[in-house]
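Asker: Number 592 in full-length UniProt numbering belongs to position 163 of the sequence shown; there are no gaps in the numbering.
C-beta: ideal position from N, C-alpha, C; glycine also.
A quick note: this is a predicted structure, and the numbers were derived from the prediction, not measured.
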Amino acid sequence: DIGVQYFDSMVRDYGIEAKPEHYTCMVDLLGRAGRLVEAVDLIKKMPFEPHLAIFGTLLGACRIHKNLEVAEYAAKNLLNLDPKNAAGYVQLANIYAATSRWECVAKIWQSMKDNKVVKTPGYSWIEVKNVVHEFRSGDRMHPELATIHEKLIELDKKMKLAGYVPNLEFALHDVGQEQKEQLLLWHSEKLAIALGLIKMPAGIPIRVFKNLRICGDCHRAAKYISAIERREIIVRDTTRFHHFKNGICSCGGYW
């Protein structure tokens with residue numbers, strides 16, 4: 430509400446013309462508050478044509494609040510403006526997967542194939558003793574993979590005892606629960622974090638870089654791992670820095 434007041438005051442009291450960037454900030458604020466219908470109304474009332482960033486912001490909010498109706502509206506408009514926007518397709522597929530609408534997920538993948546849209550592979554990096562280690566989901570190339578898998582299996586057991594439940598919506602495959610959990614366990618972020626725990630001295634923060642937005646399940650797992658291992662974990666993704674400490678992330682669960 431305070432943000433809305435400032436926005437209105439900016440125009441009314443100070444004569445500042447609201448630009449696309451101001452509207453994007455307002456959509457972000459409304460999205461964070463879960464007021465997605467108001468965000469859509471604001472977009473429709475804009476005195477100029479909406480731009481790509483505003484629909485991307487709205488779609489990101491729908492991912493957090495799992496609002497399928499608004500997500501479809503945001504994705505449709507985003508992809509009309511940029512038919513090759515792989516992130517738009519993937520975010521919508523994630524929202525469909527969260528509601529087990531696998532036929533819709535399949536249509537998204539087929540649409541990407543038909544339009545020759547290529548999803549950027551997800552990679553994570555960690556530097557250990559001046560050597561950069563690169564991982565991708567399901568990585569089979571790292572020479573210490575067996576040890577990393579052992580560490581992740583150990584962490585998985587500890588996390589579940591602490592209350593962790595894998596977020597299966599981020600395993601975008603129509604397979605059984607056990608297979609989905611294994612797919613999630615080998616995500617690139619977790620592989621990099623596990624290597625850091627194995628190789629780096631106790632008390633030294635673990636720093637991981639990700640070329641895409643951090644997976645929601647990896648975000649949840651990193652919070653648990655930071656508490657269980659008593660280790661600060663810092664993940665830099667395309668959106669922001671995530672600083673995990675004692676089971677809490679600096680982003681407050683919104684990114």
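1) So with Cβ pairs under 7 angstroms, would you call Glu501 a contact of chain D?
2) Hey, Leu626 and Ile635 are a contact pair by Cβ (cut 8 angstroms); roughly how many whole angstroms apart?
3) Trp554 by DSSP, collapsed to three states: which one?
4) Does the Cβ-Cβ distance between Val546 and Lys513 come in under 7 angstroms?
5) Just list the beta strand (DSSP E) runs in the stretch 460 to 508, keeping only unbroken ones of 3 residues or longer that don't cross its boundaries, in chain order.
6) Taking His494 as the reference, give the member of Val637, Asp470, Asp457 with the closest Cα.
7) Smallest Cα separation from Phe599: which of Ala526, Thr453, Arg565, Pro572?
8) Do Ala656 and Glu682 have their beta-carbon atoms positioned less than 7 angstroms apart in this structure?
9) What runs of the beta strand (DSSP E), each 3 residues or longer, lie entirely inside the stretch 535 to 589?
10) May I ask you to list the residues that DSSP assigns as paired with Lys513?
11) Can you name the start and end residues of the alpha helix (DSSP H) that His616 belongs to?
12) What is the rounded straight-line gap between the Cα of Glu501 and the Cα of Ser529?
13) In terms of residue numbering, what span does the beta strand (DSSP E) encompassing Lys674 cover?
14) Should the stretch 514 to 524 be called in touch with the stretch 578 to 586, which here means at least 3 C-beta pairs below 8 angstroms?
15) Just the C-alpha distance for Thr667 and Ile643, rounded to the nearest angstrom, thanks.
16) Just reading off the alpha helix (DSSP H) that Arg649 is part of, what are its end residues?
17) Thinking C-alpha only, which one of Trp554, Ser540, Ala482 is nearest Leu624?
18) Output yes or no for whether 7 angstroms exceeds the beta carbon distance between Phe670 and Ile662.
19) Identify the continuous beta strand (DSSP E) that holds Val664 and give its terminal residues.
20) Alpha carbon to alpha carbon, how far is Lys536 from Ile445?
21) Roughly how many whole angstroms lie between the Cα atoms of Asn544 and Asn509?
22) Candidates Lys474, Arg461, Pro476: which alpha carbon is nearest residue 422's?
23) For Lys628, name the three-state secondary structure that DSSP assigns.
24) Indicate whether Leu511 and Pro595 have their beta-carbon atoms separated by less than 7 angstroms.
Answerer: In this structure, then:
1) In the displayed structure, chain D is absent; only one protein chain is listed.
2) Counted from its first residue, the sequence shown places residue 626 at position 197. Counted from its first residue, the sequence shown places residue 635 at position 206. So it is a contact: roughly 7 angstroms between Cβ atoms.
3) In the sequence shown, counting from the first residue as 1, residue 554 sits at position 125. Here Trp554 sits in strand by DSSP.
4) In the sequence shown, residue 546 corresponds to position 117, counting from 1. In the sequence shown, residue 513 corresponds to position 84, counting from 1. Taking 7 angstroms as the Cβ cut-off, Val546 and Lys513 qualify as a contacting pair.
5) none
6) Translated into positions along the sequence shown, residue 494 becomes position 65. His494 has its Cα closest to that of Asp457, out of Val637, Asp470, Asp457.
7) As a working mapping, residue 599 is identified with position 170 in the sequence shown. Closest option to Phe599, Cα to Cα, is Ala526.
8) Position 253 of the sequence shown holds residue 682. Position 227 of the sequence shown holds residue 656. Strictly speaking, residue 682 in this sequence is Gly, with Glu absent from that position. No, these two residues do not count as a Cβ contact at 7 angstroms.
9) 552 to 557, 560 to 565
10) As a working note, residue 513 is residue 84 in the sequence shown. According to DSSP, Lys513 bridges with nothing at all.
11) Position 187 of the sequence shown, counted from the first residue, corresponds to residue 616. Segment: none, His616 is in no alpha helix (DSSP H) and carries neither H nor E.
12) By 1-based counting over the sequence shown, the position of residue 501 is 72. By 1-based counting over the sequence shown, the position of residue 529 is 100. Distance between the alpha carbons of Glu501 and Ser529 is about 16 angstroms.
13) Along the sequence shown, one-based indexing puts residue 674 at 245. Run containing Lys674: 670 to 674, per the beta strand (DSSP E) assignment.
14) no
15) The residue labelled residue 667 in the question sits at position 238 within the sequence shown. The residue labelled residue 643 in the question sits at position 214 within the sequence shown. C-alpha separation (whole angstroms): 8 angstroms.
16) Against the sequence shown, residue 649 aligns to sequence position 220. 645 to 657 is the extent of the alpha helix (DSSP H) around Arg649.
17) Counted from its first residue, the sequence shown places residue 624 at position 195. Cα-wise, what sits closest to Leu624 is Trp554.
18) Here residue 670 is taken as the residue at index 241 of the sequence shown, counted from 1. Here residue 662 is taken as the residue at index 233 of the sequence shown, counted from 1. Not closer than 7 angstroms, so no.
19) One-based indexing of the sequence shown puts residue 664 at position 235. Residues 662 to 665.
20) Against the sequence shown, residue 536 aligns to sequence position 107. Against the sequence shown, residue 445 aligns to sequence position 16. Spanning the two alpha carbons is a distance of roughly 44 angstroms.
21) Residue mapping note: residue 544 aligns to position 115 of the sequence shown, counting from 1. Residue mapping note: residue 509 aligns to position 80 of the sequence shown, counting from 1. So the alpha carbons of these two residues sit roughly 12 angstroms apart.
22) Past the edges of the chain, shown from 430 to 684, lies residue 422, and the structure says nothing about it.
23) As a working mapping, residue 628 is identified with position 199 in the sequence shown. Helix at Lys628.
24) Locating residue 511 in the sequence shown gives position 82, counting from the first residue. Locating residue 595 in the sequence shown gives position 166, counting from the first residue. Residue identity differs from the one stated: residue 511 is Asp in this sequence, not Leu. No; because the gap between Cβ atoms is not below 7 angstroms, this pair is not in contact.
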